[in-house]
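Everything on this sheet refers to the single structure shown next.
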Amino acid sequence: MELVRLGKTELMVSRISFGALPIQCVDRDSAAEVVRYAYDQGVNFFDTARAYTTSESDLGRALKGLGSKVIVATKSVYKDMEQLDKDFNISFDYLQRNYIDLFQFHIVNYEKELEAILKPDGPLGYLRDQQKQGRLRHIGITSHRPKLMLQALKTGHFETVQIPVNYIENEPLNELIPLARSLDIGIIAMKPVAGGVFTSNRSAISWILQHPNVVPIPGMCRIEEVDDNLQALNAPPTPAELDQLEADKQELGTVFCRRCDYCMPCPNEIEASYIVRSGMIFKRVGWDKMEQSHIDAFTRGLSCDQCGVCASRCPYDLPLTEMVIDESKAMLRKGVEQGLLTEEELQEKLKVAEKKGKNN
Ligand code: SF4
Ligand code: SF4
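In case it helps, this note's numbering puts the sequence shown at residues 1 to 360.
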């Protein structure tokens, strides 16, 4: 596997690296199997986060004993010292290494968050202390806002930046990535397949590989996904593949779910993230795959009280308060077409939801 220099960190990381968010969705042994399989294929850079539930501990277990043969990055969403200290120590224990290679401030999307991590004797100072103690090697930042990251990188405090980069979300290519290159800052592309919305993950990744020094970290939790993603190394995208990426982009627009699940859980136990991407899913797998359990989930979606909790957590600012109800209705209509409920049953559900909405 080709190795890429991750900017001034001088870390040499695999051209395609490993996003460890999805391993939280499989059991420990399956997680270990897929991580070790990727390592055997030449992947040496693994990115996890405190926020990815079991991912850190499972990754630590899977990579135990590999020492400097692997490079491990993690991150914390906290921008205050006390919580960051807690998170750092948990990450340190879970990853089972002598040091953490890269610790990133996770989801810095607002100026006030950037100010909070930079304030004198604040979180950045805390991480610098960890570096002095030999428990941490490098400090990075992650965000969904390329413009804010221009400001962050110019402070000179970060050695890497992690940002969504894919065929649809290509804004970072205009200013941020050139700036990062000029400042010798490592560039990590999160969401390289935009949550799996492209017809082919492989061509979406091979498109990214056309951009030097941009290291994609596709999320993987199955061996077939590792094989498929790594095939992107074999050849640049063909004209036909580029046409398909463009067609996918035209079809999706910009308001679509990237499967990060930051919006969850819903206090009313509504599967908000699943509901808002279900149209995309069934379009791919076929509407005939819809089952009664899906109808139950969409029916629960109708009981959304528009509290806004999910929307406030979505880094892509999706209008979830409206989307959850609208998509639930649209999916239930599809359920009628599939014969999973009658038009009368649908009207009854809509009536109950409307009455409940008025009472809220
Ligand atoms: S807006 Fe609806 S789906 Fe979102 S958290 Fe509130 S109740 Fe749940
Ligand atoms: S709705 Fe937003 S926060 Fe929720 S999974 Fe989709 S992109 Fe992520």
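Beta carbons: idealized from backbone N, C-alpha and C, even for Gly. Values in this document were obtained by computation on a predicted structure and should not be read as measured data.
- Counting along the chain, SER30 sits inside the alpha helix (DSSP H) bounded by residues 28–40.
- Non-local C-beta neighbours of LEU179 in its own chain, meaning closer than 7 Å and more than five positions away in sequence, comprise LEU150, LEU153, ordered along the chain.
- A straight line joining the alpha-carbon of GLU169 with that of LYS191 spans about 9 Å.
- Annotated three-state conformation of ASP47 is strand, per DSSP.
- Listed in chain order, the non-local C-beta contacts of ARG313 below 6 Å within the same chain comprise TYR262, CYS263, local neighbours out to five positions each way being set aside.
- Taken through DSSP and simplified to helix, strand or coil, HIS294 comes out as helix.
- In the three-state DSSP reduction, ARG258 falls in the coil class, being neither helix nor strand.
- Secondary structure in the segment 139–196: the alpha helix (DSSP H) runs of 4 residues or longer, each lying completely within the stretch, are 146–154, 176–182 in chain order.
- With a cut-off of 6 Å, the C-beta of TYR262 is classified as near ligand 2, since at least one heavy atom of the ligand falls inside that distance.
- The C-alpha of GLN130 is placed about 28 Å away from the C-alpha of PRO315.
- According to the DSSP assignment, ARG277 belongs to the alpha helix (DSSP H) that extends over 272–285.
- Within the same chain, and ignoring the five residues on either side of ASP101 in sequence, the residues whose Cβ sits closer than 7 Å to its Cβ are LEU11, ILE71, VAL72, ALA73, ARG137, HIS138.
- The three-state reading of DSSP puts ARG5 in strand, counting E and B together.
- Close CB contacts of GLY195 within its chain, under the 6 Å cut and outside five residues either way in sequence, are with ARG258, ARG259 (chain order).
- For VAL324, the number of other beta carbons within 10 angstroms of its own is at least 16, and it is reported as buried.
- For LYS75, the uninterrupted beta strand (DSSP E) segment begins and ends at 71–76.
- Taking the CA atoms as reference points, THR54 sits about 22 Å from ILE141.
- In the three-state reduction of the DSSP assignment, PRO123 falls in the helix class, which pools H, G and I.
- Beta-bridge analysis with DSSP links GLY19 to ASP47, GLY219.
- Under the 10 Å beta carbon count, ALA235 is surrounded by fewer than 16 other beta carbons and is classified as exposed.
- Measuring C-alpha to C-alpha distances from SER303 to each of THR321, ILE217, LYS69 identifies THR321 as the nearest.
- With respect to the 7 Å criterion, LEU63 and SER76 are not classified as neighbours on the basis of their beta carbons.
- When the five nearest sequence neighbours on each side are left out, the beta carbons in the same chain lying within less than 6 Å of the beta carbon of LEU114 are those of VAL108, ALA152, in order along the chain.
- Bridge partners of LEU136 according to DSSP: ILE100.
- Ligand 2 approaches ARG258 closely enough that one of its heavy atoms is under 6 Å from the residue's Cβ.
- Excluding sequence positions up to five before and after ILE205, its CB lies within less than 8 Å of the CB of ILE16, PRO192, VAL193, PRO216, PRO218, ASN229, ALA232, all in the same chain and listed in chain order.
- A straight line joining the alpha-carbon of SER200 with that of GLY134 spans about 42 Å.
- Here ALA189 is not near HIS106, since their CB atoms are 7 Å or more apart.
- Counting along the chain, no beta strand (DSSP E) covers SER200, and no H or E run does either.
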